[in-house]
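Below is one structure; the comments refer to it alone.
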Amino acid sequence: MGLMQNFVTVTIVDNKGQSAVSNTTQVDIEHVKLMLTSEYVTLVGMTIKKEAVDVDGRGNVTFYGTQMNRNGDFLTR
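Structure follows, in structure tokens:
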């Protein structure tokens with residue numbers, strides 16, 4: 026069993042506004058489990074209020090929501 030089997034590709038997408046903004050990276054499975062139960066998800070410095078989750082056939086996880094700024098306010102575009 027290889028080390029990469031303990032990691033999945035995770036993407037967060039701010040699905041509000043004119044164009045979607047997203048970040049993608051590899052995340053260990055224990056953190057993904059926490060992300061799945063959390064109201065807010067942070068990845069590569071971007072935080073969204075989670076509204077939907079999609080898992081594709083390869084196990085890649087995508088979280089959709091509204092991006093928050095550092096003060097906890099929703100970003101507007």
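Sequential numbering of the sequence shown, starting at 26, is according to the numbering used here. Just so it is clear, CB atoms sit at the ideal spot from N, CA and C, and this is done for glycine as well. Remember, predicted model here, so these are calculated numbers, not experimental data.
Would you kindly work out how many angstroms separate the C-alpha atoms of H56 and D81, rounded to a whole number?
Residue 56 sits at position 31 when you count from the first residue of the sequence shown. Residue 81 sits at position 56 when you count from the first residue of the sequence shown. Their Cα atoms are separated by approximately 18 Å.
Write down every uninterrupted run of the alpha helix (DSSP H) in the segment 35-62 whose length is 4 residues or greater and which is fully enclosed by it, in chain order.
54-62
Going by the DSSP bridge assignment, what does D79 pair with across the sheet?
Counted from its first residue, the sequence shown places residue 79 at position 54. D79 is bridged to T87.
Where the beta strand (DSSP E) containing V66 begins and where it ends:
The residue given as residue 66 occupies position 41 in the sequence shown. 65-68 is the extent of the beta strand (DSSP E) around V66.
Taking all protein chains shown into account, decide if I103 is buried (16 or more other Cβ within 10 angstroms of its Cβ) or exposed.
Residue 103 is absent from the model: the chain starts at 26 and stops at 102.
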